[in-house]
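>
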Amino acid sequence: MNRQQVIESVVEHQLKDEKDMPYFSVGDTLNVHVRIIEGTKERIQVYQGVLISMNSRGINRTITVRRIVANEGVERVFPVHSPRIAQIEVVRRGDVRRSKLYYLRDRVGKSRRLRDQRRGLKHATVSTEPAKSSSAAKKNAAEATGE
Amino acid sequence: MSAALLGRKVGMTRFFTEDGRNMPVTVIEAGPCIVTQVKTTERDGYSAVQLGFSERRAQRSTMPVIGHDAKAGSGPLHWHREYRLDSDDDAQQFELGQSIDVSAFEDVKYVDVVGRSKGKGFQGVMKRHNFRGKEASHGVQRSHRTSGSISGHGTNLGTGPKLKKGKRMAGHMGDARVSERSLEIVKIDPVQNLLLVKGPVPGANGGLLFVQEAVRLNRRKQALLKAGS
Chain A
1 MNRQQVIESV VEHQLKDEKD MPYFSVGDTL NVHVRIIEGT KERIQVYQGV LISMNSRGIN
61 RTITVRRIVA NEGVERVFPV HSPRIAQIEV VRRGDVRRSK LYYLRDRVGK SRRLRDQRRG
121 LKHATVSTEP AKSSSAAKKN AAEATGE
Chain B
1001 MSAALLGRKV GMTRFFTEDG RNMPVTVIEA GPCIVTQVKT TERDGYSAVQ LGFSERRAQR
1061 STMPVIGHDA KAGSGPLHWH REYRLDSDDD AQQFELGQSI DVSAFEDVKY VDVVGRSKGK
1121 GFQGVMKRHN FRGKEASHGV QRSHRTSGSI SGHGTNLGTG PKLKKGKRMA GHMGDARVSE
1181 RSLEIVKIDP VQNLLLVKGP VPGANGGLLF VQEAVRLNRR KQALLKAGS
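Chains as they are written, first to last, in our numbering: chain A, 1 to 147; chain B, 1001 to 1229.
#1: Which residue comes first and which comes last in the beta strand (DSSP E) that contains B/S1054?
#2: How about B/G1206 and B/T1026: are their beta carbons less than 8 Å apart?
#3: What residue does the alpha helix (DSSP H) around B/T1041 start on, and which one ends it?
#4: If B/S1147 sits next to B/M1169, beta carbons under 8 Å apart, how far is it from one beta carbon to the other, in whole angstroms?
#5: When you compare only the Cα positions, how much space is there between A/L30 and A/I88?
#6: Exposed or buried, what is A/H123 when buried is set at 16 or more other beta-carbons lying within 10 Å of its beta-carbon?
#7: How far does the alpha helix (DSSP H) with B/K1127 in it extend, from its first residue to its last?
#8: Quick check: B/E1040 and B/D1088, are their CB atoms within less than 8 Å of each other?
#9: If you pair each beta-carbon of the stretch 1174 to 1183 of chain B with each one of the stretch 1099 to 1119 of chain B, do three or more pairs fall below 8 Å?
#10: Is the shortest distance between the beta-carbon of B/F1105 and the beta-carbons of chain A less than 8 Å?
#11: Exposed or buried, B/K1009, counting other C-beta atoms within 10 Å across all chains shown (16 or more means buried)?
#12: Would you kindly work out how many angstroms separate the C-alpha atoms of B/V1197 and A/G109, rounded to a whole number?
#13: Cα-Cα, which of B/L1195, B/F1016 and B/L1194 is closest to A/P79?
#14: State the start and end residues of the unbroken beta strand (DSSP E) segment that holds A/E72.
#15: In three-state terms, what does DSSP make of B/H1078?
#16: Taking Cβ positions only, does A/N60 come closer than 8 Å to chain B?
#17: Candidates A/K100, A/E12, A/Q48 and A/R3: which alpha carbon is nearest A/I68's?
#18: Looking only at DSSP bridge pairs, what is A/E38 linked to?
#19: Please name the residue in B/I1034, B/D1044 and B/D1090 whose C-alpha comes closest to that of B/D1069.
#20: Quick one: Cα of B/S1137 to Cα of B/R1145, how far?
#21: Tell me the rounded alpha-carbon separation between B/I1188 and A/R61.
#22: So A/S56 contacts chain B; which residues on that side make the cut at Cβ distance below 7 Å?
#23: Measure from the alpha carbon of A/S25 to the alpha carbon of each residue in A/L104, A/R112 and A/R92, then state which is nearest.
#24: For B/I1066, which three-state DSSP category applies?
#25: Is there at least one Cβ from chain B nearer than 8 Å to A/Q45's Cβ?
#26: Applying a beta-carbon distance threshold of less than 8 Å, which residues of chain A neighbour B/N1205?
#27: Per DSSP, A/R61 forms a beta bridge with which residues?
#28: If we cut at 8 Å on Cβ distances, does A/I7 have a partner in chain B?
#29: I want to see whether chain A comes within less than 8 Å of B/F1053, judged by CB atoms only; does it?
#30: With a cut-off of 8 Å on the beta carbons, I'd call B/I1028 and B/L1209 a contact; round off their distance for me.
#31: Does the CB of B/L1196 have a neighbour CB from chain A at under 8 Å?
#32: Rounded C-beta distance between B/L1224 and B/V1102? I'm assuming under 8 Å.
#33: For B/V1065, which residues from the same chain have a beta carbon less than 6 Å from its beta carbon, with the 5 sequence-adjacent residues on both sides left out?
#34: If you draw a straight line from the C-alpha of B/G1020 to the C-alpha of A/R98, how long is it?
#35: If we ignore side chains and look at the alpha-carbon of each, how far apart do A/G94 and A/L51 end up?
#36: Check whether the Cβ of A/S135 lies closer than 8 Å to any Cβ atom in chain B.
Here it is in structure tokens:
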């Protein structure tokens, strides 16, 4: 076993099961359920926001979730495999073309929103229905002229 | 008698405690070590025990090492280090060829780790000794990272025109023996011979480490230890 494998074997049991974790990627709106311990009591707080960045892999994986609270942008970084993260839910899937959405920090108002991801639409070759998004329409048009 | 082992630094990772705290840990492959020599006052003038760690191909070893380790009934080992014991009575607890593994640290909470720090080459005083250097402007020319004056004229105060011994200057940094004291043991894995300690330890990954039960603890850790036991 090389050194990296030894380290992986050490942290293996701390990793959360893939089954317990939904698939999510940058641009998605997430509900992060955070365990909060106050004295002896434990409660769960839900933090909802847009996933703007994912970092590292394995035990070191962290996600940055951005939301707007009282007109002020708040970003929290969660270690995904921490026992303090009770659950992660995907609320919406966003359609983005970057792996880090730091540009959202400069956006104000409606431009802050992300387009919903519509599976398969981008790759549709023939579409008889009116295109649902401008990028898909452009793609179809380009293909039509190509033929 | 305190437990001691030789080990190899594997690398760092993170560890989540049960209450969800995130702790930086270093993984150390500690032992198993073989007692390759027991020194006694009578024969050697002092009492000590020599440990060998990590088997290595005979081809890569030298005949003296092969012969030395063969006396302990072992193949040639990569590293040998000895540590002093208080008396010959302590030395009697060790037997030539005895194998010591990480379970020796089972009841131990804190350890001292000794290693060789990463070499940094020839470094200036700012990096090497945390000097402040000089200002960026206000007439400073070509000496922004220098140390300034190192000695003055002769006085009658005993501070002569000569340099004080041990004056801190630029020079070779790192690649020196460094002890890291009282590191908390996070976990012991006797199956893989692994020891997880909190925080960093000296040296590069793969480097030799000497791990020993903590010699002395600060007050906070002493109190914790007392409360625990």
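Beta carbons are placed, not taken as given, at the ideal position from N, Cα and C, and that holds for glycine. Just so it is clear, the structure is predicted and the values come from calculations on it, not from any experiment.
In short:
#1: In the second sequence, the residue the question calls residue 1054 of chain B occupies position 54. Its beta strand (DSSP E) spans residues A1048 to E1055.
#2: As a working mapping, residue 1206 of chain B is identified with position 206 in the second sequence. As a working mapping, residue 1026 of chain B is identified with position 26 in the second sequence. Against a cut-off of 8 Å, the Cβ pair of B/T1026 and B/G1206 comes out as no contact.
#3: Here residue 1041 of chain B is taken as the residue at index 41 of the second sequence, counted from 1. Segment T1041 to D1044, the alpha helix (DSSP H) holding B/T1041.
#4: Numbered from its first residue, the second sequence carries residue 1147 of chain B at position 147. Numbered from its first residue, the second sequence carries residue 1169 of chain B at position 169. Indeed, because the Cβ distance is near 7 Å, the residues count as touching under 8 Å.
#5: The residue you call residue 30 of chain A lines up with position 30 of the first sequence. The residue you call residue 88 of chain A lines up with position 88 of the first sequence. Cα to Cα, the separation comes out at about 7 Å.
#6: Here residue 123 of chain A refers to the residue found at position 123 when the first sequence is read from its first residue. Note on A/H123: pLDDT 47, under 50, position unreliable in the model; the coordinate value appears next. A/H123 comes out exposed.
#7: By 1-based counting over the second sequence, the position of residue 1127 of chain B is 127. V1125 to H1129 is the extent of the alpha helix (DSSP H) around B/K1127.
#8: Along the second sequence, read from residue 1 onward, the residue named residue 1040 of chain B stands at position 40. Along the second sequence, read from residue 1 onward, the residue named residue 1088 of chain B stands at position 88. The displayed chain sequence assigns Thr, not Glu, to residue 1040 of chain B. In this structure, B/D1088 lies closer than 8 Å to B/T1040 by Cβ.
#9: yes
#10: Here residue 1105 of chain B refers to the residue found at position 105 of the second sequence. No, no contact with chain A.
#11: Reading the second sequence from its first residue, position 9 is the one you call residue 1009 of chain B. The residue in question, B/K1009, is buried, as its Cβ has 16 or more Cβ neighbours within 10 Å.
#12: Stepping through the second sequence from its first residue, residue 1197 of chain B is reached at position 197. Stepping through the first sequence from its first residue, residue 109 of chain A is reached at position 109. The straight-line gap from Cα to Cα measures roughly 48 Å.
#13: Here residue 79 of chain A refers to the residue found at position 79 when the first sequence is read from its first residue. Nearest of B/L1195, B/F1016 and B/L1194 to A/P79, Cα basis: B/F1016.
#14: By 1-based counting over the first sequence, the position of residue 72 of chain A is 72. A/E72 -> beta strand (DSSP E) spans E72 to P79.
#15: Against the second sequence, residue 1078 of chain B aligns to sequence position 78. Here B/H1078 sits in strand by DSSP.
#16: Taking the first residue of the first sequence as position 1, residue 60 of chain A is located at position 60. It does; some Cβ of chain B falls within 8 Å.
#17: Translated into positions along the first sequence, residue 68 of chain A becomes position 68. Comparing Cα-Cα distances from A/I68 to each of A/K100, A/E12, A/Q48 and A/R3, the minimum goes to A/Q48.
#18: Reading the first sequence from its first residue, position 38 is the one you call residue 38 of chain A. Partner(s): A/K41.
#19: The sequence position of residue 1069 of chain B within the second sequence is 69, counting from 1. Measuring from the Cα of B/D1069, the nearest candidate turns out to be B/I1034.
#20: For the purposes of this step, residue 1137 of chain B is identified with residue 137 of the second sequence, where counting begins at 1. For the purposes of this step, residue 1145 of chain B is identified with residue 145 of the second sequence, where counting begins at 1. Their backbone Cα atoms lie some 12 Å apart in a straight line.
#21: As a working mapping, residue 1188 of chain B is identified with position 188 in the second sequence. As a working mapping, residue 61 of chain A is identified with position 61 in the first sequence. Taking the straight line from one Cα to the other gives about 24 Å.
#22: In the first sequence, counting from the first residue as 1, residue 56 of chain A sits at position 56. What A/S56 touches in chain B: nothing, since even the nearest Cβ is about 10 Å away.
#23: By one-based count along the first sequence, residue 25 of chain A stands at place 25. When only C-alpha atoms are compared, the closest one is A/R92.
#24: Taking the second sequence and counting its residues from 1, one reaches residue 1066 of chain B at position 66. Residue state, collapsed to three classes: helix.
#25: One-based indexing of the first sequence puts residue 45 of chain A at position 45. It does not: the Cβ of A/Q45 has no partner Cβ on chain B nearer than 8 Å.
#26: By 1-based counting over the second sequence, the position of residue 1205 of chain B is 205. Per Cβ cutoff of 8 Å: R3.
#27: On the first sequence, position 61 is the one that residue 61 of chain A refers to. The partner list for A/R61 (beta bridge, DSSP) is empty, contrary to what the question assumes.
#28: The sequence position of residue 7 of chain A within the first sequence is 7, counting from 1. Yes, because at least one Cβ of chain B sits closer than 8 Å to the Cβ of A/I7.
#29: Along the second sequence, read from residue 1 onward, the residue named residue 1053 of chain B stands at position 53. It does not: the Cβ of B/F1053 has no partner Cβ on chain A nearer than 8 Å.
#30: As a working note, residue 1028 of chain B is residue 28 in the second sequence. As a working note, residue 1209 of chain B is residue 209 in the second sequence. Confirmed, Cβ separation roughly 6 Å.
#31: Here residue 1196 of chain B corresponds to residue number 196 of the second sequence, with the count starting at 1. Interface residue, yes.
#32: Translated into positions along the second sequence, residue 1224 of chain B becomes position 224. Translated into positions along the second sequence, residue 1102 of chain B becomes position 102. Their Cβ separation, rounded to whole angstroms, is 22 Å, which puts B/L1224 and B/V1102 out of contact at 8 Å.
#33: As a first step, residue 1065 of chain B is located in the second sequence; it is residue number 65 there, counting from the start. Only P1076 meet the Cβ criterion.
#34: Start at 1 with the first residue of the second sequence, and residue 1020 of chain B comes out as number 20. Start at 1 with the first residue of the first sequence, and residue 98 of chain A comes out as number 98. Going by the C-alpha atoms only, they are around 31 Å apart.
#35: Translated into the one-based positions of the first sequence, residue 94 of chain A becomes position 94. Translated into the one-based positions of the first sequence, residue 51 of chain A becomes position 51. Going from the Cα of A/G94 to the Cα of A/L51 covers about 9 Å.
#36: Here residue 135 of chain A refers to the residue found at position 135 of the first sequence. With a pLDDT of only 48 at A/S135, under the threshold of 50, the placement of this residue in the model should not be trusted; the figure read from the coordinates follows. Judged by the 8 Å Cβ criterion, A/S135 is not in contact with chain B.
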